[in-house]
Structure formats: C-alpha cells, structure tokens
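Peer 1:
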Amino acid sequence: MQDFTITPTRRSFLRGSAAVAGAGILSASPFRKTWAAAFPERNIQILIPTGEGGGADRDARMFSTVWRKYLNTNFEYSYYPGAAGQVGYEFYAAKSEPDCYNLLFGNLGPEIIMQAMQKPKAKLGKDFIYFCQTTDETMCVFVGKNSKIKTIEQLVDEAKKRVVTVATSRLPHPASIGVLALGEATGAKFQLVPFGGGNPSAMAAITGEVDCCTLPITNAIQLDKEVLILTVFSKKNVFGEMADNAPPVNDVFGTKIPELSSSRGFAIHVKAIETYPDRFKTIEESVKKAALDPEYADLVEKAGMPRSFVRYGGREETVAFAEEMLALAEKYGSLLAAKKK
Amino acid sequence: MELSADTVLELFLHSLSLWWVIVPAIVVGIIMGAIPGFAAHNTIIILLPLTLMVPVEVALTFMVALYCATHLGGGIPAILMNIPGTGGAAATTLDGHEMAKQGKAQQALVLAFAASTLGGLITSIVTLFALPVLSLVGYYVHSVEMVVIMLFGLTLIAVIAAEDTVKGLIAGFFGLMLGAMGADHVYAAPRGTFGLLELFDGVPLIPALIGLFAISEAFVMIEQETIVSSKGQDRAQRASWADTFEGLRIAAANWWHIVWTSFIGLLVGVLPGAGASIGAFVAYQQSRFFSKEPEKYGTGYAKGVLAPEAANNGVTSGTLVPLLAIGIPGGSTAAVMMIVLQFHGVPFGPRLFVESPLLAFGVIMSMVVAYIFMILTILPMARYLAKVTVIPTRLLAPMIVAFTLVGAFVPRSFVFDLGVAVAFGVIGYIARKTGYHVAAILIGVILGPLVEQSYIRALRISLGDPLVLFSSTLGNVLWVMLVLSLAMPYILNWLRRRKAAQAAS
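If you read the protein sequences in the order shown, they are chains Z and E.
For the first sequence, the positions run 1 to 341 when the numbering used here is used.
For the second sequence, the positions run 1001 to 1505 when the numbering used here is used.
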C-alpha cells in the first residue's frame, strides 16, 4: 500500500503558509472580482416596498421559483411598506449595497406616480432603474355583487346626481387616475377613499361601504362572483368572461382616457449596473429566460390569474413605461393632490 | 358541502395524522411568540420557501399550528417578566405579572394556557360550523363601526387610569401623540417624522413595545433581587403540580368567562384590519366592565389573565374567516397563507368550499387539533417556566435586554429601531418610577393610528360630515355600549353608596 503521509519540512511549511496567505490577500483585495467565482455566489436579496402577503410578494415568489433555474441561487425577501412605497424605495437606494445582489421588486404604476407626487430622495433613473417588467395588468372599476349598479353607464349617471365613493388602494395609483379622469371627462363626481391595500379596498366594495372600487384587474378576477367588473382602462378587454366582458371605458363614453396599467418588475441601483456590468448582464439575461419560460405562465395560471397577465418587457420597454407613467402623474397630479396647480 | 359527523371525524383523524408537523410548529410558535419582536407572520415568512415545497395541507397545518402557538407563547414573558411577547399579550401583563410578583407565576401561566387553548379550541369549533354566519360579520362592520370598536380598546386607558385619573389620561394621550407620527393616510405627507425615513411608517410598534415593557422592566428589575416580591418567595420556590391543578380549577370555574371573552376575540378577528391587540384590550375592558369585582383588576386577578388570553387566541380562528369565506385575508398571517394557497393553485374564497371543501374545513380542524396538542405540551411546562421568577435579576436583566434588542431589530432591520427601543425604555422607566402606566402609553401607540385611519375613511365617505360616526344602527348600538361601559362603574358606585347610606339611616 502506498504511503500518503507527508513529512513536513521547513521549506514545505513556508511554501504552504505563503500559499494560504496569498489566497487570503487576494480574496480581500480589489482584484477579487477578477478572481471571483461566477456570479451569484450568494443569495439575492429582494426588497418589496409593500407588505408581506400582497400581490407583489406573491408575484416575486412565483417568478423566483422559475428564475432560480437560470440564476442558480436562492432569494431572500424583505418588506418595507409605508408612505405609498416611499419607505421601501428610500431604504433600497440609501441602505442596500449597490452590488447586484440587492434588487427591488415593485409595482411600476403606483410607485412611479409616488415618485412624482411625494418627491422622495431616491430618484428613478438616477439612483435606481427598473430594468424589466414581468407582468402587466390593466386597471378596472368594479362593484360588489349586491350593488344595484350593473353597468359603467349607471355608475356615471349616478355620479352625475351625487358624489359616488370609490375605494382605492392609495391615491397615487393608475386606477385612481383612471377614475378621476373619467370624472373629469364626463362631469361625474367621484370621491376616492384610500384603503391602504387591494384587499381592504375590494372588501369595502363587496360590503357596500363604498359604491365601487378601482384596482388592478387581477384583484377583481380572483374575487370571481363576489364582484362585477364594470369597465377596464384599456383598448380591449382581453380577459373576456373572466372580467365579466366589461367594456373599455373609452368605447362607452367616447373619451380619450389613456390606457392605465400597472406592471410589476425588478429595479436595480444605477451604480450597480455601472460597477458590475457583468453581473448585471447575468441578471438581465436570466430574468428574460425566466419570464419567457412557459413554466412561469403555468404558475401564474395555476394561481388563478390569466396567462395574459405575464408580459415580459426589457430595459427599454420598462423605462419607456416608467416615463409614460411619470408624464401621466404630472398631468393628473393636481387631481390626486386635491389642489389645483 | 355538508359537514356531517362522518366528515368531521374524518377531518379530525386526518389532522391528527399530521402530528409530525403540528408538534414542531407548536414548539417553534411558542418560542417565537415568547420572544418580543418575532411574530407569527415573520416566522412563517422565514419558513415560507419550506412550506411551498410540501403539500398544501401540510403547509397550512404547519402555519395554522404555528400561528396559534405564537399567541399562546406571547403570554409567557408577559406573565413572568412583564414583557408581552406579542402586542396581543400586552393586556395580560396587567394581572398576569402581578400574580407572578406574588409568587403565583405557575398559577398565572396555567390560567393563561388554559384560557388560550380553551378559547382557541372553542372558537375553532364554532368557526368550523358557523363559518357562513361569521363571514357575514364583516359585511356589517365598516369604518364607522371600526372606529367605535377601537375606541372600546382605547377605553382600557380609562380603566388603567382608574387608580389615578390624571396620570392615566396623560399617559394615554402621550401614547396617542406618538401614534400620530408618520405619513398621513391619504396623501402620505409626513407628520412629526423630523425628516427621518424610519418614522414615515409611524412609530415602529415592536421596538416601542420592547422599550416600554422589556427594557424599562430590565432597568426596574436590577433594583431588586428577584422578580417575585419577598412575600411571594416561598410560594415561588415550592412551585409544584398543586399550583397547576389550582390554576386549572380556577379556569374551569370561570369557563363561561373564557367562552364569552374568546368570542370577543373571534368577532374582532373576523374584521379585516383588526387584530389580537384590539381583541385582547377589548376583552379585558369588557371583562372588567361586567365584573362584580372591578376593583380587583390590575391586582393579580385571575379573570384579568383569562380574558385577554382567551381573546387573543379567539382572534386566530376569526382571522381565517374572511380568507376562507370571501378570499380576503383578515390579517398579515392569513395574507401569507393566501400565498401558499395561490402557489399550489388552490382557489380561495367561496370557490375553495366548492372545489376543495376538505381543505377549507381541514384548515380549521387542524387548529382544533393544534390546540389539543398544545394543552398536552404546555401544561406540564408551567412549573418549570415559573422558576424564571426566582432567577436573580442580575442574570436575567442583561439577557432580557440582549434578546429583546435583537427582537427590536428583526422586523425592519433598521439600526434606528434599536435607538427607538432604548428611547422607549427610558420613557418606560421614567413612567414606572413616576406612577404612569406603560400599558396606557402602548394602547395609544397601537390604537391611535388605527382609529385615525378608520375615522379618515369614514369622513371621506361622508364627504367630511363628522356626524357619519352616528349614521349606522350597529354603530349607534356600539356607541351606547361604549358610553355605558364608561359610565356604569360610576353609576353602580353611586347606587351602592346610596344603598349603603339608606341602610345606615
């Protein structure tokens, strides 16, 4: 049998020590990234600027189940709700390391409007950018199943006679803009009542506390027979029967209300893209693969949402969406702030 | 689906077969509940990836058992160290810790365990059979009614203030002022935040709770040898099974008290947005109101432990009702459960009962089984846990500070929250030394923002008419009950004095 024991000598000891020390120095040096193993070496942190258990949390977890295959790592989540998402964004920009290991998953619609309304220190485009969207859904107006109102025309007629109350998740929201724009175009009077989340808003409509509710359409589709969808803020109702065949708002009133939707997607520090372009490339490519993977659409469908909810958008498309949303917020900002500019 | 006796038995046996999930969940839940800062939902979130990998029924059983156990665990430090593990156990400190100081920690723990498990068991069984009826509660309770329900909780300040009205009210008002900090609920404009991002979401509740109760208590603790007072030393030292049985006897004698206070918890739990803190505060306040011996509350009175503990576990069953019946989660834990249901492609709301009825009823049945296991697991532990009160405070106090500061940091990972905990610790210490009640401050911090949110919503719905608060029948009934709750003790006192004067003359 071959003897594998090694007799230590002074020279071998010095050689071994030098090798260990060298490895240690290299691992701590600025050249480390040249020597580093393939990205990612550890879990990716995902910050969600809304509460746990909400739509963003659900979507992020569904997406990362598929993304894991392409990025070969795990994901950890943290939640920073508050001030319409401002707390999460400020925390992300100021307190998390711009190293591509920290991403933000948010609602592009309302949270970009928040940028325009609340002017946080963390600036879109300067401190962070959205680099992809994974889903996209239109806004809608719905009533509880016991409501006397059955069509959007009836709702607007009612709102011309009296102020109609509308539950909304929060004021800076594309759905809120839609309702206010509808009021402005038709002379109907709507009072928005923010309930601080999709679930309590829908509950207010179902129980009849308010006349109707405006939210992203997934909320209403999932509530199925509990609600009746009256209209959608898009060119076409692609959800058909699932969305009660509700007509697009402009088709009914001949108005020119812009299409209003909310996308969910990932944002990253601008500095992270500049400092670690290779890492960012890995993220961007793997996100795309995951978003286009049929398994993701299957998961979405399994969770009770329409497959058309899945809509991948790359960096350019997402940035364009964000800019459109900012312009919309500027246009309707005075209505949301309840004061004229 | 008909819930026949056969189905109930089948569900029960099936839930029982999942003991291998329930028992670890109970152990984890009790430990997490006992550490301030760790609540059911953040524990479940940490373990969520694990729960997404197992079959949905196993995942839900695990989460439900953990959730129920957390509320039981929250009462343990509340009694032993005057530190509520969760907001729902804050009211338990009022009498529970008083009992511990008298050397009756074991008895107080048994009372809390009995009330928690029985309250939870009863409300789970009721929920199982009365789910359609209970789901209607949410239809009648709107922002106006929520304002009055939360005011019921706030009136506990008045109960606490009974010993010293001015100090009690000052403490409560101070809490309300702190609770008003943060972004406003309509335009998200910051108020009283001093430009600090960390305060935009209001005063963080867990660090405030930890500071007011845990850190200030640690400061007070080091001024004495042990938690238990010198009078109670003998009793605390000889903790034995006799005390456990005595606790069980008292709980059994007050079974009706447990039943109706757990129902308060159940009803509060059904309301989306309300929670264990409100349930426990309202139950304590109502328990005192209907008591023939209201003056005994706050002095180590058994019913003062039974009421909040039964209620905060009653809340657990109630929270699941809106999720199961309508598809809208009643609280953060139910919201996380919704993710699991969605992930497994299980429809929730009314469709759940059509497409997966056994799963829907099974969730509640697993609660029943979890409570049965909890009784068996936790009761024997009371005598050992009670020994904490005789540990020298020079050892206990630093451990409390270290553990609870970790708890203050965990929910938001803000270093700022450590400062908040310490600042509230100083406030709490000053309050204790000057005869102000920290519970009154905490009630203001917890309930103030919730009252404000509901009030603002009601005002917006009524287009700014404050009379909206008196616009609903149910709301008006609640208002009358509220006024009676406040006035009755004075009226009864007056009647007693008058009767005594008549008898004397």
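From the three backbone atoms N, C-alpha and C, an ideal C-beta is built for every residue, glycine too.
Which whole-angstrom value is the C-beta distance of PHE105/Z and ILE48/Z, which I expect to be below 8 Å?
Peer 2: Counted from its first residue, the first sequence places residue 105/Z at position 105. Counted from its first residue, the first sequence places residue 48/Z at position 48. A Cβ-Cβ separation of about 6 Å places PHE105/Z in contact with ILE48/Z under the 8 Å criterion.
Peer 1: Taking C-alpha atoms, which residue in ALA1065/E, ALA1458/E, ALA1280/E and VAL1220/E lies nearest to ILE1400/E?
Peer 2: The count along the second sequence starts at 1 and reaches residue 1400/E at position 400. Nearest of ALA1065/E, ALA1458/E, ALA1280/E and VAL1220/E to ILE1400/E, Cα basis: VAL1220/E.
Peer 1: Taking PRO342/Z and SER262/Z to be in contact with their CB atoms under 8 Å, please state how far apart those CB atoms are, rounded to whole angstroms.
Peer 2: It is not possible to answer for residue 342/Z, since the shown part of chain Z is limited to 1 through 341.
Peer 1: For a cutoff of 7 Å on Cβ pairs, would you count PRO30/Z as touching chain E?
Peer 2: The count along the first sequence starts at 1 and reaches residue 30/Z at position 30. The pLDDT assigned to PRO30/Z is 48, lower than 50, so where the model puts this residue is not dependable; a value taken from the coordinates is nonetheless given after this. No, its Cβ sits nowhere closer than 7 Å to a Cβ of chain E.
Peer 1: With DSSP as the reference, identify every bridge partner of ARG61/Z, one or two as the case may be.
Peer 2: On the first sequence, position 61 is the one that residue 61/Z refers to. Paired residue(s): none; ARG61/Z is not in a bridge.
Peer 1: When the Cα of THR134/Z is compared with those of ASP251/Z, VAL300/Z, ALA329/Z and GLU323/Z, which residue comes out closest?
Peer 2: As a first step, residue 134/Z is located in the first sequence; it is residue number 134 there, counting from the start. It is VAL300/Z.
Peer 1: Hey, would you say GLY1407/E sits closer than 7 Å to ILE1035/E, going by beta carbons?
Peer 2: The sequence position of residue 1407/E within the second sequence is 407, counting from 1. The sequence position of residue 1035/E within the second sequence is 35, counting from 1. Closer than 7 Å, so yes.
Peer 1: Report the rounded CA-to-CA distance for ALA1528/E versus ARG42/Z, giving the unit in angstroms.
Peer 2: There is no way to answer for residue 1528/E, as the model of chain E reaches only from 1001 to 1505.
Peer 1: Identify, in the order they occur along the chain, each residue of the same chain with its Cβ nearer than 7 Å to the Cβ of ASN1254/E, setting aside the five sequence neighbours on each side.
Peer 2: On the second sequence, position 254 is the one that residue 1254/E refers to. The answer, listed in chain order, is ALA1302, LYS1303 and LEU1306.
Peer 1: Give me the chain E residues within the contact set of GLU226/Z, using Cβ-Cβ distance strictly less than 8 Å, ordered along the chain.
Peer 2: As a working mapping, residue 226/Z is identified with position 226 in the first sequence. Result: ILE1326, GLY1327, GLY1349 and PRO1350.
Peer 1: Tell me the start and end of each unbroken beta strand (DSSP E) in the stretch 83 to 108 of chain Z that is at least 3 residues and wholly inside, in chain order.
Peer 2: 102 to 107
Peer 1: Under a CB-based cut-off of 7 Å, is GLY1037/E close to chain Z?
Peer 2: Reading the second sequence from its first residue, position 37 is the one you call residue 1037/E. Answer no: the Cβ-Cβ gap between GLY1037/E and chain Z never drops below 7 Å.
Peer 1: Buried or exposed: GLN1237/E, going by 16 or more other Cβ atoms within 10 Å of its Cβ?
Peer 2: Counted from its first residue, the second sequence places residue 1237/E at position 237. Answer is exposed; the Cβ neighbour count stays below 16.
Peer 1: If the cut-off is 8 Å on Cβ atoms, which residues from the stretch 1087 to 1117 of chain E count as contacting chain C, listed in chain order?
Peer 2: The structure shown contains no chain C; its protein chains are Z and E.
Peer 1: Kindly indicate the opening and closing residues of the beta strand (DSSP E) around MET139/Z.
Peer 2: Counted from its first residue, the first sequence places residue 139/Z at position 139. MET139/Z -> beta strand (DSSP E) spans 128 to 144.
Peer 1: Tell me GLN193/Z's beta-bridge partners as DSSP assigns them.
Peer 2: Counted from its first residue, the first sequence places residue 193/Z at position 193. This sequence places Val at residue 193/Z; Gln is not what is there. Answer is ALA167/Z.
Peer 1: Under 8 Å between beta-carbons, which chain E residues line up against MET203/Z? List them in chain order, please.
Peer 2: Sequence index remark: in the first sequence, residue 203/Z carries index 203 (1-based). Those within 8 Å of MET203/Z in chain E are GLY1138, PRO1272, PRO1322, ILE1326 and ILE1328.
Peer 1: Report yes if the C-beta of ALA1078/E is less than 6 Å from at least one heavy atom of the ligand ZN; otherwise report no.
Peer 2: This structure lacks the ligand ZN; in fact it carries no ligand of any kind.
Peer 1: Shortest alpha-carbon distance to TRP1260/E belongs to which of HIS1344/E, ILE1160/E and VAL1126/E?
Peer 2: As a first step, residue 1260/E is located in the second sequence; it is residue number 260 there, counting from the start. With distances taken between CA atoms, TRP1260/E lies nearest to VAL1126/E out of HIS1344/E, ILE1160/E and VAL1126/E.
Peer 1: To be precise: take each residue of the stretch 282 to 308 of chain Z, compare its Cβ to all Cβ atoms of chain E, and keep it if any distance is under 9 Å. Which residues remain?
Peer 2: Those would be LEU299, GLU301, LYS302, ALA303, GLY304 and MET305, in chain order.
Peer 1: If I measure Cβ to Cβ from GLY1179/E and keep anything under 6 Å in the same chain, skipping five residues before and after, which residues do I get?
Peer 2: For the purposes of this step, residue 1179/E is taken as residue 179 along the second sequence, with counting starting at 1. Non-local C-beta neighbours of GLY1179/E in its own chain, meaning closer than 6 Å and more than five positions away in sequence, comprise GLY1444, VAL1445, GLY1448 and PRO1449, ordered along the chain.
Peer 1: Between ILE1461/E and ALA1214/E, what straight-line distance do the alpha-carbon atoms span, to the nearest angstrom?
Peer 2: Counting from 1 along the second sequence, the entry for residue 1461/E is found at position 461. Counting from 1 along the second sequence, the entry for residue 1214/E is found at position 214. Taking the straight line joining both Cα atoms gives about 41 Å.
Peer 1: Counting contacts by CB-CB distance shorter than 7 Å, is ILE1446/E in contact with chain Z?
Peer 2: Numbered from its first residue, the second sequence carries residue 1446/E at position 446. Cβ-Cβ to chain Z under 7 Å: no for ILE1446/E.
Peer 1: Run through DSSP, which three-state label would TYR77/Z get?
Peer 2: Numbered from its first residue, the first sequence carries residue 77/Z at position 77. In this structure, TYR77/Z counts as strand in the three-state DSSP scheme.
Peer 1: On the criterion of 16 or more Cβ atoms from any shown chain inside 10 Å, does SER27/Z qualify as buried, or is it exposed?
Peer 2: Here residue 27/Z is taken as the residue at index 27 of the first sequence, counted from 1. Because SER27/Z sits at a pLDDT of 47, beneath the cut-off of 50, its placement in the model cannot be relied upon, and the following sentence gives the value as read from the coordinates. That one is exposed.
Peer 1: Mind checking the stretch 37 to 64 of chain Z against chain E and listing, in chain order, the residues whose C-beta falls within less than 9 Å of any C-beta there?
Peer 2: Within the stretch 37 to 64 of chain Z, the qualifying residues are GLY51, GLU52, GLY53, GLY54, ASP57, ARG58, ARG61 and MET62.
Peer 1: Under 6 Å Cβ to Cβ from TYR92/Z, same chain only, skipping five residues before and after it: list those, please.
Peer 2: On the first sequence, residue 92/Z is found 92 positions in, with the first residue counted as 1. Excluding residues within five positions, the ones whose Cβ falls inside 6 Å are LEU47 and LEU104.
Peer 1: Taking the DSSP output, what are the residues bridged to GLY265/Z?
Peer 2: Position 265 of the first sequence holds residue 265/Z. GLY106/Z and GLN133/Z, per the DSSP bridge assignment.
Peer 1: Counting only runs that start and end within the stretch 1052 to 1113 of chain E, where is the alpha helix (DSSP H) found for 4 or more residues in a row?
Peer 2: 1056 to 1073, 1075 to 1081 and 1092 to 1101
Peer 1: Could you tell me which of ALA1274/E, GLY1428/E, VAL1415/E and VAL1369/E sits nearest to LEU1196/E, measuring between CA atoms?
Peer 2: Sequence index remark: in the second sequence, residue 1196/E carries index 196 (1-based). LEU1196/E has its Cα closest to that of VAL1415/E, out of ALA1274/E, GLY1428/E, VAL1415/E and VAL1369/E.
Peer 1: Can you list the residues of chain E that GLY183/Z reaches, using a CB-CB cut of under 9 Å?
Peer 2: For this step, residue 183/Z is matched to residue 183 along the first sequence. Neighbours of GLY183/Z on chain E: none; closest Cβ ~14 Å, over 9 Å.
Peer 1: Measure the CB-CB distance between LEU228/Z and VAL166/Z and report whether it falls below 7 Å.
Peer 2: Here residue 228/Z refers to the residue found at position 228 of the first sequence. Here residue 166/Z refers to the residue found at position 166 of the first sequence. Contact flag unset, no.
Peer 1: Is it buried or exposed for ALA1520/E, if we count other Cβ within 10 angstroms and need 16 for buried?
Peer 2: As shown, chain E starts at 1001 and ends at 1505. That puts residue 1520/E outside it, with no answer to give.
Peer 1: Check the Cβ of PHE1343/E against every Cβ in chain Z and list those closer than 9 Å, keeping chain order.
Peer 2: Position 343 of the second sequence holds residue 1343/E. Under the 9 Å cutoff, chain Z gives ARG58, ARG61, MET62, THR65, LEU299, LYS302 and ALA303.
Peer 1: Can you tell me where the alpha helix (DSSP H) holding LEU1209/E begins and where it ends?
Peer 2: Sequence index remark: in the second sequence, residue 1209/E carries index 209 (1-based). 1205 to 1209 is the extent of the alpha helix (DSSP H) around LEU1209/E.
Peer 1: Does the separation of the CB atoms of PHE1409/E and ASP1417/E fall below 7 Å?
Peer 2: Within the second sequence, the letter at position 409 stands for residue 1409/E. Within the second sequence, the letter at position 417 stands for residue 1417/E. Contact: yes.
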